[in-house]
Amino acid sequence: MKYRGYIRNFELFDPHGVGKITVEPQGRVNDCQARTYRQDIKVKDIEKYTTFKLPTRQWGYVVISTPDGILDHGEAIRRNVGGQVLGYFH
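Just add 51 to the spot in the sequence shown (first one is 1) and you have this note's numbering.
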């Protein structure tokens, strides 16, 4: 999200293994959802998922945890990897 210009900065805080992330938004985020359950997605289904969750094709990103790391949906399609949906933002 920082690379795409949606947030200014973030800070990781991990006392006793709890894990907390503080995010400073840039002001461009209209909606942001995190998946609290595991949702696996195949490469061929990424485009369908983005059409269902995002308002337009050019606006917003689905965040996916893949074997190549955490990627947005466009990069996951380019690398031809699926994974688990972490959330989306636009």
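Ideal Cβ positions, reconstructed from N, Cα and C, are used throughout, including at glycine.
All of these numbers come straight from a predicted model, not from anything done at the bench.
Top-ranked residue by Cα proximity to residue i, from the options
| i | options | result |
| --- | --- | --- |
| L122 | V136, W110 and Q109 | V136 |
| N131 | V94, Q90, F140 and V69 | V94 |
| R55 | K71, P66 and V114 | V114 |
| R86 | E75, N60, G78 and K104 | K104 |
Backbone secondary structure at residue i - three-state DSSP
| i | result |
| --- | --- |
| P120 | Just to set this straight, residue 120 is Gly in the shown sequence, not Pro. Three-state DSSP puts G120 in a strand. |
| D91 | strand |
Enclosing alpha helix (DSSP H) for residue i [first to last residue]
| i | result |
| --- | --- |
| K32 | A question about residue 32 goes unanswered here, because the residues of the chain that appear run from 52 up to 141. |
Own chain, CB closer than 6 Å to residue i, minus 5 neighbours either side, in chain order
| i | result |
| --- | --- |
| T73 | E62 |
Bounding residues of the beta strand (DSSP E) (the contiguous stretch that carries residue i)
| i | result |
| --- | --- |
| V132 | Careful: V132 lies outside any beta strand (DSSP E) and carries neither H nor E. |
| V74 | K71 to P76 |
| Q84 | C83 to A85 |
Cβ neighbours of residue i in the same chain (closer than 8 Å, five flanking residues each side left out)
| i | result |
| --- | --- |
| P106 | H141 |
| I128 | V94, I97 and E98 |
Residues near residue i in its chain [Cβ-Cβ closer than 7 Å; skip 5 each side]
| i | result |
| --- | --- |
| N81 | H141 |
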